[in-house]
Structures are given as structure tokens and as C-alpha cells.
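**Student:** Shown below is the structure under consideration.
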Amino acid sequence: MNRMWVLKVILLFGIFMSLASCTHSVHIVNFSDFRPYREAKTAVSIEAKSEQFVVLGFTDNTSYVNEAYQRLMQKCIDGQISGISTQYYTSLGFFSWTNHIVMQGLCHKVN
Amino acid sequence: MKVVLIALLSIYFIGCVSLNTVSLTSIPANRSKPVVATTERLMFFGFNFDNDYVDYLTDNLKNQCPHGLISGVLTKDESIDYFLYIVWKKRITAQGYCVSLKSAASSKSSSNIGSENPRKRNPSNMTSEIDSKQESVEVSDE
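Protein chains in written order, with the numbering used here: chain A, 9 to 119; chain B, 15 to 156.
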């Protein structure tokens with residue numbers, strides 16, 4: 009009887025934790041430098057995003073980070089990107105969550 | 015109920031990867047020479063007596079670009095769980111682009127990379143005379 013009770017408590021706790029949805033948790037925000045110094049008016053603000061939907065923790069890669077990296081570079085093919093802010097956060101859902109990567113930077117076109 | 019409980023616990027028996035940190039430095043315009051380095055360490059019960067494996071990453075990147083500047087470095091720190099976090103691995107991956115110092119120097123005053131008169135540091139992170147004197151310098155890309 010006691011054993012069943014313990015199992016029930018563990019199960020309910022697990023379900024309760026999984027139901028905590030609609031939460032956005034920022035894990036890390038990172039900034040790169042702004043050099044070489046250029047006039048701000050010559051720079052164009054660019055942004056790249058990617059995400060990974062994870063159900064019950066099953067995932068075997070973090071390639072979505074590389075996707076965001078590639079997308080950012082594609083938006084500034086012949087230019088230098090500086091002042092890059094990298095945000096990594098997770099949006100929690102029902103027995104699942106979504107990992108997000110957002111990269112924003114300034115594209116300086118080379119003359 | 016037992017089945018559900020076992021199903022939930024079984025998640026922890028499967029090798030899953032999670033991202034701990036990610037960072038990115040400024041990306042150069044010249045991306046013709048990519049460099050990649052990875053280092054990892056397998057751990058049992060979390061026992062780890064040093065973090066020297068991280069230094070290997072720096073050395074590896076340096077060796078791939080001995081006379082250049084590495085920029086646009088994407089660094090990922092991942093944890094790979096093999097079994098209940100009794101056996102797990104830390105993996106750090108860094109990838110970026112090697113830019114020759116020659117081209118960086120040709121852009122000379124852009125930054126003080128390779129210059130004989132390096133820019134003075136301003137730890138206060140405030141605009142000072144140092145900055146006001148040097149901001150007028152024409153900047154070009156490496």
C-alpha cells in the first residue's frame with residue numbers, strides 16, 4: 009500500500025512539473041565586440057533564428073545552433089558582422105519544450 | 015500506472031544531448047578558410063579532476079591558423095547523457111574562420127590587429143580621450 013502511495017506521489021509530481029507550460033527561460037545571452045569601429049549608419053541590423061522542438065527530452069543533436077549561425081552569415085554574405093548578440097532560451101510546453109537560438113548583429117558591407 | 019512511470023523514467027536511460035552554453039564572436043567578411051575544433055571528456059558519476067581538455071581546444075584552433083586571426087567563432091558546450099547521468103560526456107565545439115594577418119594588416123587601422131601601436135585598453139568601458147582620438151580612424155575589413 010505504502011509503495012503504491014509513493015509511486016502515485018512521484019507520478020503526480022512528474023505530471024505537475026510537465027504541465028508547467030507557457031514559460032520562457034533564458035539560459036544565456038552573449039555579446040560579441042563591436043570592432044572594427046565603423047559608422048553605425050553604414051551597418052544594417054540582421055537577425056537569424058532557429059529552434060528545436062523536443063518531446064520528453066529526446067534529442068540527439070544541437071544542429072539548430074549551426075543553422076542560426078549559417079542563416080546569420082547568409083544575410084550578410086560580403087560583409088562583416090559585428091556586435092552579435094546570441095540568445096539561447098527555452099519555451100516550455102506540455103511534456104515538451106522548444107529550444108530557441110536568436111542571433112542579432114550589425115552587417116557592415118565591404119566596399 | 016507503473017507503465018507510465020517506467021516510460022517516464024526510461025527517458026533518462028536514453029542518450030540525449032543538451033546545450034549548456036553558446037557564444038559567437040564577430041564574423042569576418044572573408045570566410046574562405048573555416049576552422050573547426052572539438053574536444054570532449056567522458057565522465058563517470060561526474061568525476062572530473064581537471065578541465066585541461068578545454069585548453070586543447072584553443073591549441074587545436076591555433077594550430078589550424080598559425081599565422082592568422084580566427085574570427086566568427088561559434089562555441090557550443092554540450093552535455094551528452096548516456097546512462098542516467100552516471101555515464102555522460104562533455105563536448106565543446108568551436109568553429110570559426112581563419113583570416114590571414116596580411117589581409118587584416120592591409121586593412122590596417124581598422125583595428126589594432128598586427129599594428130605596432132596597439133590600441134590602449136579602456137577597462138572602464140567608457141568613452142574617453144583614447145576613444146575620441148581614435149574613432150575618426152578609417153576602418154576597413156580584414
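In this text, a Cβ means the ideal position worked out from N, Cα and C, and glycines have one as well.
#1: I want to verify the contact list: residues of chain B whose CB lies under 8 Å from the CB of residue 96/A, in sequence order.
#2: So, does the CB of residue 129/B fall closer than 8 Å to a CB anywhere in chain A?
#3: Go through its chain and collect everything with a Cβ distance to residue 110/A's Cβ below 6 Å, but skip five positions before and after it.
#4: What is the residue span of the alpha helix (DSSP H) that residue 69/B lies within?
#5: Do residue 81/A and residue 41/B come within 8 Å of each other at the CB atom, strictly closer than that value?
#6: Listed from N- to C-terminal order along the chain, which residues in the region 74 to 103 of chain B have their beta-carbon within a distance smaller than 7 Å of any beta-carbon of chain A?
#7: To test your reading of the DSSP string, which unbroken beta strand (DSSP E) runs of 3 or more residues are found completely within the region 82 to 110 of chain B?
#8: Can you tell which of 18/A, 71/A, 79/A, 93/A has its C-alpha closest to the C-alpha of residue 114/A?
#9: Are the Cβ atoms of residue 15/B and residue 15/A separated by less than 8 Å?
#10: Show which residues of chain A have a CB atom less than 8 Å away from the CB atom of residue 42/B.
#11: Report the option in 35/B, 76/B, 105/B, 44/B whose CA atom is closest to the CA atom of residue 37/A.
#12: Give the straight-line distance between the Cα atoms of residue 95/B and residue 117/A, rounded to the nearest whole angstrom.
#13: Hey, is residue 40/A's beta-carbon within less than 8 Å of any beta-carbon in chain B?
#14: May I ask which residues mark the beginning and end of the alpha helix (DSSP H) holding residue 73/A?
#15: Using a C-beta cutoff of 8 Å, does residue 134/B count as contacting chain A?
#16: For the beta strand (DSSP E) containing residue 55/B, list its first residue and its last residue.
#17: Classify residue 63/A: buried if its beta carbon has 16 or more other beta carbons within 10 angstroms, exposed otherwise.
#18: Applying a beta-carbon distance threshold of less than 8 Å, which residues of chain A neighbour residue 68/B?
#19: Can you find the residues in the same chain that come closer than 8 Å, C-beta to C-beta, to residue 85/B, ignoring five residues on each side of it along the sequence?
#20: Chain A beta carbons: is any one of them nearer than 8 Å to that of residue 17/B?
#21: Taking any Cβ of chain B, which residues in the region 60 to 74 of chain A have a Cβ under 8 Å from it, in chain order?
#22: Under 8 Å, Cβ to Cβ, is there at least one residue of chain A near residue 53/B?
#23: Residues of chain A with CB under 9 Å from residue 112/B, in chain order?
**Tutor:** Quick look at the numbers:
#1: The CB of residue 96/A comes closer than 8 Å to the CB of 33, 35, 36 in chain B, given here in chain order.
#2: The pLDDT assigned to residue 129/B is 39, lower than 50, so where the model puts this residue is not dependable; a value taken from the coordinates is nonetheless given after this. It does not: the Cβ of residue 129/B has no partner Cβ on chain A nearer than 8 Å.
#3: Only 57, 95 meet the Cβ criterion.
#4: Taken as a continuous stretch (DSSP letters only), the alpha helix (DSSP H) holding residue 69/B covers 66 to 78.
#5: In contact: residue 41/B and residue 81/A (Cβ atoms closer than 8 Å).
#6: Taking 7 Å as the Cβ-Cβ cut-off, the region 74 to 103 of chain B approaches chain A at 88, 90, 92, given in chain order.
#7: With a minimum length of 3 residues, the continuous beta strand (DSSP E) runs that stay inside the region 82 to 110 of chain B are 82 to 97.
#8: Out of 18/A, 71/A, 79/A, 93/A, the CA that lies nearest to the CA of residue 114/A is found in 93/A.
#9: Yes. Within cutoff.
#10: What residue 42/B touches in chain A: 88.
#11: Residue 37/A has its Cα closest to that of 35/B, out of 35/B, 76/B, 105/B, 44/B.
#12: Answer to the nearest angstrom: the Cα atoms are 42 Å apart.
#13: Cβ-Cβ to chain B under 8 Å: yes for residue 40/A.
#14: Run containing residue 73/A: 71 to 82, per the alpha helix (DSSP H) assignment.
#15: Confidence at residue 134/B is low in this model, with a pLDDT of 41, below 50, so its placement is unreliable and no value can be given for it.
#16: If you look at residue 55/B, you'll find it in the beta strand (DSSP E) that goes 48 to 58.
#17: Burial is judged here by how many other beta carbons sit within 10 angstroms of a residue's own beta carbon; residue 63/A has fewer than 16 and is exposed.
#18: Per Cβ cutoff of 8 Å: no residues; residue 68/B is ~17 Å from chain A at best.
#19: Exclusion of the five residues before and after residue 85/B leaves 39, 40, 41, 42, 110, 111, 113, 156 as the residues of its chain whose Cβ lies within less than 8 Å of its Cβ.
#20: At least 8 Å separates the CB of residue 17/B from every CB of chain A.
#21: Per Cβ criterion, the list reads 64, 65, 66, 67, 68, 69, 70, 73, 74.
#22: The beta carbon of residue 53/B does not come within 8 Å of any beta carbon belonging to chain A, so the residue lies off that interface.
#23: Within chain A, no residue comes near residue 112/B; the closest Cβ sits about 15 Å away, beyond 9 Å.
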